[in-house]
Amino acid sequence: MTEITAANRTAVAAAPTGARLGDRLRLLRVAAGLTQTELAGDRFSKEYVSQIERGKTRPTADTIEWLAQRLNVDPAFLSSGVSTDERSRVEALITRAEALASDARYKEAVDAYEDVRAAVSATNSVELDVRARSGEAWARLQEGDVRTAIELLNGARALAEGSIFSDVDRAEIVFRLGVARYKLASTSTAVALLDEALALAEGSDLPCDGLRSDIYHWRSRCHRRQRDFEAAREDVERALELAQGVDDRRKMANAFFQASLVAERTGHWVLSRNYAERAKSLFQELDDERTVGRLLNNLGGLSLLLGKPHEAIEHLKASFAVAVEADSQPDAGQAINGLATVHLRLGDWDAAEENAREALRLLEGREDFLDEIGQAQIVLGRSLLERERFDEAEEAF
Numbered sequence: 460m461t462e463i464t465a466a467n468r469t470a471v472a473a474a475p476t477g478a479r480l481g482d483r484l485r486l487l488r489v490a491a492g493l494t495q496t497e498l499a500g501d502r503f504s505k506e507y508v509s510q511i512e513r514g515k516t517r518p519t520a521d522t523i524e525w526l527a528q529r530l531n532v533d534p535a536f537l538s539s540g541v542s543t544d545e546r547s548r549v550e551a552l553i554t555r556a557e558a559l560a561s562d563a564r565y566k567e568a569v570d571a572y573e574d575v576r577a578a579v580s581a582t583n584s585v586e587l588d589v590r591a592r593s594g595e596a597w598a599r600l601q602e603g604d605v606r607t608a609i610e611l612l613n614g615a616r617a618l619a620e621g622s623i624f625s626d627v628d629r630a631e632i633v634f635r636l637g638v639a640r641y642k643l644a645s646t647s648t649a650v651a652l653l654d655e656a657l658a659l660a661e662g663s664d665l666p667c668d669g670l671r672s673d674i675y676h677w678r679s680r681c682h683r684r685q686r687d688f689e690a691a692r693e694d695v696e697r698a699l700e701l702a703q704g705v706d707d708r709r710k711m712a713n714a715f716f717q718a719s720l721v722a723e724r725t726g727h728w729v730l731s732r733n734y735a736e737r738a739k740s741l742f743q744e745l746d747d748e749r750t751v752g753r754l755l756n757n758l759g760g761l762s763l764l765l766g767k768p769h770e771a772i773e774h775l776k777a778s779f780a781v782a783v784e785a786d787s788q789p790d791a792g793q794a795i796n797g798l799a800t801v802h803l804r805l806g807d808w809d810a811a812e813e814n815a816r817e818a819l820r821l822l823e824g825r826e827d828f829l830d831e832i833g834q835a836q837i838v839l840g841r842s843l844l845e846r847e848r849f850d851e852a853e854e855a856f
């Protein structure tokens, strides 16, 4: 059974909610001084109340509300053991964590999700559990904790098989699994997962253009990595169209960024720079300096391709400064890596070596930046070869 078709669908063990509800019903009935017959009244039989208390049957929402009224308790407490007020409090904590992630404050988001774990578990709510797992996984993906993210998503995917979840809910989880696999360089698996997510979303007949835009965007990245640039271009154009349709500036900015990278790889460097500038303008409007720094890194590479190495150095130094300010070690590593490439092109072997070694230090242990690590190793090896330091160069390669 593969991850694509099953994704570790072994259900996360859960205590029998029917039995817990039955225990609560019995305790509340006894506390109210009622027999099973008295609680049942004219609406139900004594045997039906007995079956609920023994966990043999699960009452409908209407029945739970009726029983709660008879017992003078909160229906939510009878159903789950958590009052409506407590559930609302936990929902607010999850919403706060989601807002932090939306603002690209991923470290804070991870901390917020960790803080709410116990409270989510105490609600016995599968919906909140899935929402928290998926949200925390997404924040961890942005911080490079990919394997923990996959564990969380697999758990969420198993829980989301329940009938209370829609195909759009499932599609979002499968989409995030696809992104995780992309970050681990399992590109073919990522494409298959993204295809599955797109099929779920489009087959749901529910409004989800924002999610579809994200799926097309990441599938475009996969195609670009596989050097299928025509497919990458088609997908990013569709992602941009959907993002514009829902008037989501962040999704539009992401699509322009990806379009810039695709145009760069196909040799359309001026077009690539135009896309990058449009993305940069949108991210500045969103006050997302961290992504602006990444775009400066991209613009540095484009300036080098357009024969402007000194302009490239300015962009890359600015990108590095933003990364340091944002405390983003991988972004800093990528910017330094870009500087190493420029210095190599200019024949400044000492600076190329110094920058490449610093990039490798900053990117050490990051499975989601294997391409960048490989590039830094190549630059380091080349800079050593040019000075006839052959043994060191062989070790670098």
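Here my numbering is used: the first residue of the sequence shown is 460, the next is one more, and so on.
We put the CB at the ideal spot given by N, CA and C, even for glycine.
Selected residue, minimal CA-CA separation from residue i, among the options
{"i": "Thr582", "options": "Ala558, Trp597 and Leu552", "result": "Leu552"}
{"i": "Arg846", "options": "Ala811, Gln834 and Glu550", "result": "Ala811"}
{"i": "Arg671", "options": "Ala690, Val751, Ser645 and Leu699", "result": "Leu699"}
{"i": "Gly824", "options": "Ala799, Gly792, Leu758 and Arg548", "result": "Gly792"}
{"i": "Leu487", "options": "Asn531, Arg820 and Gln510", "result": "Asn531"}
{"i": "Gly637", "options": "Leu665, Tyr507 and Arg616", "result": "Arg616"}
{"i": "Gly766", "options": "Val801, Ala520 and Glu748", "result": "Val801"}
{"i": "Tyr862", "options": "Gly500, Asn713 and Thr648", "result": "Outside the displayed span of the chain (460 to 856) sits residue 862, for which this structure offers no information."}
{"i": "Asp673", "options": "Arg564, Phe634 and Arg555", "result": "Phe634"}
{"i": "Ile787", "options": "Leu819, Arg753 and Glu851", "result": "Residue identity check: residue 787 is Ser in the sequence provided, not Ile. Cα-wise, what sits closest to Ser787 is Arg753."}
{"i": "Ala651", "options": "Trp677, His774, Arg483 and Ala577", "result": "Trp677"}
{"i": "Ser538", "options": "Leu480, Asn756, Arg564 and Ala563", "result": "Leu480"}
{"i": "Ser622", "options": "Glu586, Asp604 and Arg590", "result": "Glu586"}
{"i": "Leu526", "options": "Gln601, Phe503, Asn757 and Ser580", "result": "Phe503"}
{"i": "Ala656", "options": "Ala630, Leu822, Pro666 and Ala598", "result": "Ala630"}
{"i": "Glu602", "options": "Glu696, Asp574, Ser584 and Ala568", "result": "Ala568"}
{"i": "Glu770", "options": "Ala782, Leu755 and Ala608", "result": "Leu755"}
{"i": "Trp728", "options": "Leu611, Leu763, Val575 and Arg749", "result": "Leu763"}
{"i": "Ala794", "options": "Ser778, Glu744, Leu758 and Leu611", "result": "Ser778"}
{"i": "Ser647", "options": "Ala818, Ala658 and Gln685", "result": "Gln685"}
{"i": "Ala782", "options": "Leu600, Ala491, Arg606 and Arg749", "result": "Arg749"}
{"i": "Arg708", "options": "Ala738, Arg548, Ala491 and Lys566", "result": "Ala738"}
Cβ shell of residue i (< 7 Å), same chain only, five flanking positions each side left out
{"i": "Arg680", "result": "Tyr641 and Gln717"}
{"i": "Arg841", "result": "Leu803"}
{"i": "Thr496", "result": "Lys505"}
{"i": "Ala855", "result": "Gln836, Leu839, Gly840 and Leu843"}
{"i": "Leu730", "result": "Ala722"}
{"i": "Asp694", "result": "Tyr675, Arg678, Ser679 and His682"}
{"i": "Asp850", "result": "none"}
{"i": "Arg848", "result": "none"}
{"i": "Ala466", "result": "Residue placement at Ala466 cannot be trusted, given a pLDDT of 39 that sits under 50; what the coordinates show is reported in the next sentence. Asn613, Arg616 and Leu636, listed in sequence order."}
{"i": "Trp597", "result": "Ala560 and Arg635"}
{"i": "Val541", "result": "Ala535, Ala581, Thr582 and Asn583"}
Sequence-distant residues of its chain with Cβ nearer than 6 Å to residue i (five each side left out)
{"i": "Asp772", "result": "The amino acid at residue 772 is misidentified as Asp; the sequence shows Ile. Correct list, in chain order: Val801."}
{"i": "Val508", "result": "Gln495, Leu498 and Ala499"}
{"i": "Ser593", "result": "Ala615 and Ile632"}
{"i": "Arg468", "result": "Interpretation of Arg468 is limited by its pLDDT of 36, a score under 50 that renders its predicted location unreliable; no figure is taken from the coordinates."}
{"i": "Val705", "result": "Asp668 and Gly669"}
{"i": "Glu853", "result": "none"}
{"i": "Asn757", "result": "Ala735"}
{"i": "Arg485", "result": "Glu512"}
{"i": "Ala478", "result": "In this prediction, Ala478 scores a pLDDT of 46, lower than 50, which makes its location untrustworthy; the coordinate-derived value is nonetheless stated afterwards. Once the five neighbours on either side are set aside, the close Cβ partners of Ala478 are Gly514."}
{"i": "Pro534", "result": "Ile523, Glu524 and Ala527"}
{"i": "Ala815", "result": "Ala799, Ala835, Val838 and Leu839"}
{"i": "Ser719", "result": "Ser731, Tyr734 and Ala735"}
{"i": "Ala785", "result": "Arg749"}
Close Cβ partners of residue i (< 8 Å) along its chain, the five nearest in sequence each way excluded
{"i": "Met711", "result": "Leu699, Ala702, Gln703 and Leu741"}
{"i": "Asp654", "result": "Arg678"}
{"i": "Glu573", "result": "Glu595"}
{"i": "Thr725", "result": "Phe688 and Arg692"}
Proximity test, Cβ basis, 8 Å: residue i and chain B
{"i": "Thr516", "result": "Of the chains in the structure shown, none is chain B; there is only one protein chain."}
*Return the chain-ordered ranges of every alpha helix (DSSP H) run that is complete within the segment 518 to 550 and spans a minimum of 4 residues.*
Within the segment 518 to 550, the runs of alpha helix (DSSP H) at least 4 residues long that lie entirely inside it are, in chain order, 520 to 530 and 534 to 539.
*Evaluate contact between the segment 640 to 656 and the segment 812 to 831, counting only Cβ atoms and requiring at least three cross-stretch pairs below 8 Å.*
The answer is yes - the segment 812 to 831 touches the segment 640 to 656, with three or more Cβ pairs under 8 Å.
*Ordered list of alpha helix (DSSP H) runs contained in the segment 566 to 608, each at least 4 residues*: At a cut-off of 4 residues, the continuous stretches assigned as alpha helix (DSSP H) that sit fully inside the segment 566 to 608 are 585 to 601.
*Are three or more beta carbon pairs between the segment 656 to 663 and the segment 619 to 628 nearer than 8 Å?*
A contact is defined here as three or more CB-CB pairs under 8 Å, and the segment 656 to 663 meets this definition with respect to the segment 619 to 628.
*Determine, using beta-carbon pairs with one atom in the segment 726 to 745 and one in the segment 774 to 784, whether at least three such pairs fall under 8 Å.*
Contact between the segment 726 to 745 and the segment 774 to 784 is absent, because fewer than three Cβ pairs lie under 8 Å.
*Can at least three beta-carbon pairs, one atom from the segment 514 to 534 and one from the segment 549 to 564, be found at a separation below 8 Å?*
Too few Cβ pairs lie closer than 8 Å, so no.
_Validate contact between the segment 556 to 564 and the segment 510 to 520 using beta carbons, cut 8 Å, 3 pairs_ = At 8 Å Cβ cutoff, the stretches do not touch.
*Enumerate, from N- to C-terminal direction, the unbroken alpha helix (DSSP H) stretches of 4 or more residues contained entirely within the segment 700 to 725.*
Counting whole runs of 4 or more residues, the segment 700 to 725 contains the alpha helix (DSSP H) stretches 708 to 724.
_At 4 residues or longer, what runs of the alpha helix (DSSP H) sit wholly inside the segment 611 to 679?_
Listed in chain order, they are 626 to 642 and 646 to 662.
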